[in-house]
Amino acid sequence: MSGLTVGDELFTRTFTLDRALLVRYAGASGDFNPIHWNERVAREVGLDGVIAHGMATMGLAATAVAEWAGDPGAVVDYGVRFTRPIVVPDPGEVELEVSGKIGAVDAEAGTVRVDLTARAAGVTVLAKAQAVVRTR
Amino acid sequence: MNDSPGRPTSVNLTLVGRSYAPTETYRVSAVKIAEMAAATGASHPAHTDPAAARELGYDDVVAPPTFAVVVAQRAEQAYIADPESGIDFSRVVHAEERFTHHRPIVAGDLLRTTVHVDSITERAGIAMVSTRAEIADDGGAPVATVRSTLAVRGEGR
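As they're listed, the protein sequences go chains A and B. Heads up, the first sequence is in numbering that gives the first Met the number 0, so the first residue is 0 and it goes up one at a time. Heads up, the second sequence is in numbering that gives the first Met the number 0, so the first residue is 0 and it goes up one at a time.
Written out as structure tokens, the structure is:
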């Protein structure tokens, strides 16, 4: 992975979110907040419908980084801000598009910072999404 | 709606600086790693095949990059579910999350987590509550630091 420079576009990856994925994420993570699977509860608290766990979105974006890196353990630091919830309809699905580019290179530490863009239904859902990846 | 922008939330501001000692030893299982990988679209064989993980230098299957949230959120309950915190979970939105991995998490790890309430700021009827979960192995060596910020809406927001 030598020769990477700031601004290099690394990948664009699309994930499909549906209610089944949210139920799967709830079970895997232990986050059973009903706003992620129960339409009635989601609307009662003022949402436009069932929304994805922010952490599911963050996890999917992490997968795009890890696949590019080739080693899931190479992601040494990873942070995001959640800007907009992703409403996941039923029936239906939503596409999440994740792109990464090089934001910084630290040759001494042997790491690069990957700056991520994550959009669903044309809306940016993560801000300040940055992953520091070990390259050696 | 009688909404005053400066109205305080129910969140207890006096708990900043408090720490919550580990309440359990969390044993990382290969099954939970595989479940989290599947739930985040991760198909790398090192999540499910110990031989593939060993090729990358790990002792057993390796966790996906956000796996530590499972461990951190269990530990954060000691604070969030404590009535003294004043946090009404039905009014909570996740605002920020950050993982710092001191080493990758692998199946078989025994993890103990201490939760710190780092800051609580209140503005325009919303409290921003920042916690830090320090995850260590059973020998006390640091494994991961998980920083989380929740936005808690006050009444009328």
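Cβ coordinates follow ideal geometry from the N, Cα and C atoms, glycine included.
> Which residues share a DSSP beta bridge with B/Ser28?
Replying inline: DSSP lists no partner for B/Ser28.
> Which of helix, strand or coil does DSSP assign to B/Glu133?
Replying inline: strand
> CB-CB under 8 Å to A/Arg42, same chain, minus the five flanking residues each way: which ones, in chain order?
Replying inline: Gly48
> In terms of residue numbering, what span does the alpha helix (DSSP H) encompassing B/Glu23 cover?
Replying inline: First-last for B/Glu23: undefined, no H or E at that position.
> Does the beta carbon of A/Thr62 sit closer than 8 Å to a beta carbon anywhere in chain B?
Replying inline: yes
> Where does B/Glu34 land, buried or exposed, given buried means 16+ other C-beta within 10 angstroms?
Replying inline: buried
>> Between which two residues does the beta strand (DSSP E) holding A/Gly102 run?
In response: 93-105
> What is the DSSP secondary structure of A/Tyr24, reduced to helix, strand or coil?
Replying inline: helix
> Per the contact definition of three or more C-beta pairs closer than 8 Å, is the region 70-77 of chain A in contact with the region 51-64 of chain B?
Replying inline: yes
> Out of B/Gly153, B/Asp81, B/Arg90, B/Ala50, which has the shortest C-alpha to C-alpha gap to B/Glu121?
Replying inline: B/Gly153
> How is the alpha helix (DSSP H) around B/Tyr78 delimited, first residue to last?
Replying inline: 67-79
>> Taking beta-carbon pairs under 8 Å, can you tell me which members of the region 19-37 of chain A lie near chain B?
In response: Leu20, Arg23, Tyr24, Gly26, Ala27, Ser28, Gly29, Asp30, Asn32
>> Please give the ranges of any beta strand (DSSP E) in the region 62-91 of chain A, keeping only runs that are unbroken, at least 3 residues long and fully inside the region.
In response: 74-81
> According to DSSP, is A/Phe31 helix, strand or coil?
Replying inline: coil
> If we ignore side chains and look at the alpha-carbon of each, how far apart do B/Val92 and B/Ala150 end up?
Replying inline: 5 Å
> Do you know how far the Cα of B/Pro7 is from the Cα of A/Gly45?
Replying inline: 21 Å
> Per DSSP, which one or two residues make a beta bridge with B/Ile119?
Replying inline: B/Val128
> Are there 16 or more other CB atoms within 10 angstroms of the CB of B/Phe98, so buried, or fewer, so exposed?
Replying inline: buried
> Quick one, are the C-beta atoms of B/Ile134 and B/Leu110 less than 8 Å apart?
Replying inline: yes
>> Based on DSSP bridge pairs, tell me the residues matched to B/Thr148.
In response: B/Glu95, B/Ser129
> Would you say A/Arg118 reaches chain D, if we count a Cβ-Cβ gap shorter than 8 Å as a contact?
Replying inline: Reference to chain D is not applicable here, since the protein chains of this structure are A and B.
>> For B/Ser42 and B/Ala36, I'd like the C-alpha separation in whole angstroms.
In response: 7 Å
>> Tell me the residue span of the alpha helix (DSSP H) that contains B/Arg102.
In response: Per DSSP, B/Arg102 belongs to no alpha helix (DSSP H) and is neither H nor E.
> Just the Cα atoms here: how many angstroms apart are B/Tyr78 and B/Ile119?
Replying inline: 13 Å
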